[in-house]
Structures are given as structure tokens and as C-alpha cells.
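Per UniProt numbering, the sequence shown starts with residue 1, numbered consecutively.
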Amino acid sequence: MRIALEEAKKAEAIGEVPVGALLVAPDGTIVAKAYNRTITDHDPTAHAEILALREAGQKLQNYRTENLVLVVTLEPCLMCSGAMVHARIKGIVYGAPDHKTGAIDSQLNSCELPLHNHAIWHTSGVLQEECSSMLSAFFKKRRKEIKAAKGAQKPCPAS
């Protein structure tokens, strides 16, 4: 998770929501790692989890990433959890819950839906305080910047 947090810092440094992810093999080898790049790449699917899955697929030359475990700083959304099911990852370890759009535990347990032909185990709360604090600080700063920008706008004088 510490490596995923380092990836999240890279996202934050470029103005992205600080989420980092990696895919780990059973022997502990990191197969892929990534961070959010939705704004940078102009791509709504460029979540850290999706980018890590893409990288792993290229390295393994296979769209199936069986036996790999995804480690991510924030609970995955429905899009990402769906991609993980299709990729056949073995498990998910995440740090902070996402109470608004989390699709592993918070809003939906998408990994255990009976319509899937593949189940994924999951563990939550790993370095939760660090992961949550990074996200909270990012959004607090962003809200402050938005408020300051709105305050700097001067009303148009009456004609």
C-alpha cells in the first residue's frame, strides 16, 4: 500500500485526484503500477486501477490477469470493479472507503454479484488513515481554490 500511496502522490502533483494502484503477483513482484490520469489524458476511464490493468495486460501479453492482487488507495468504483472481474484478478486490497461511489463495500458489493462467473476476494482499511487523509486534504485544498477563484471574479459594471 505504501507504493500505491507513492503513486497517488504523483497524481496529486499533476492536479489529479490522488489515487494510486498496483498489481502484485503471488511472489510479491509488482507487475504494474499507475495513478489517476483522467484529466491529464482527457479520458474518463483513466482511473489508476484501469491503467494498472492495461499495463499488466501488455506486460503479460494477456487480458487475463489471474493470480494478481490489486492494491489501491481508494475503494474502486463500479467501472473499475467490472474491469477487475473481466480481467479475473484474484483479489483487491484497498485503503480508504468511498462512501459515495465505492462498489466493493460502501455502496455495492459488485465482486460478489451472482451474475458474474468470477469472484474476487477483498480486504479493506489497509493504511486507511493515510489514504483517507491524502484524499481529504486534496479536496479541502481544491474547494479552497474554487472559492478563491469565485471571490476573485469581479461583477460586471452596469452599462
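Note that CB positions come from ideal geometry on N, CA and C, so glycine has one too.
Spanning the alpha carbons of C80 and E7 requires a straight line of approximately 17 Å. The beta carbon of L23 is closer than 6 Å to those of V31, A32, A52, A56, L68 and L70 in its chain, skipping five residues each way along the sequence. Counting along the chain, the unbroken alpha helix (DSSP H) around H86 starts and ends at L78 to A87.
Here T123 is bridged, per DSSP, to V93. Judged by beta-carbon spacing, H122 lies beyond the 9 Å limit of C131, meaning their Cβ atoms are not closer than that value.
DSSP places A11 in the uninterrupted alpha helix (DSSP H) bounded by R2 to A13. Contact annotation: the segment 35 to 50 does not touch the segment 93 to 105, with fewer than three C-beta pairs closer than 8 Å.
For I50, the enclosing alpha helix (DSSP H) has its first and last residue at A48 to L60. Collapsing the DSSP output to three states places K141 in a helix. As a beta-bridge residue in DSSP terms, L22 pairs with K33 and V71. D41: member of the alpha helix (DSSP H) spanning T38 to D41, first to last residue. In the structure shown, G102 falls within a coil segment according to DSSP collapsed to helix, strand and coil. A distance below 8 Å between beta-carbons, with the five flanking residues on each side excluded, links L78 to the following residues of its chain, in chain order: T101, A103, L108 and S110.
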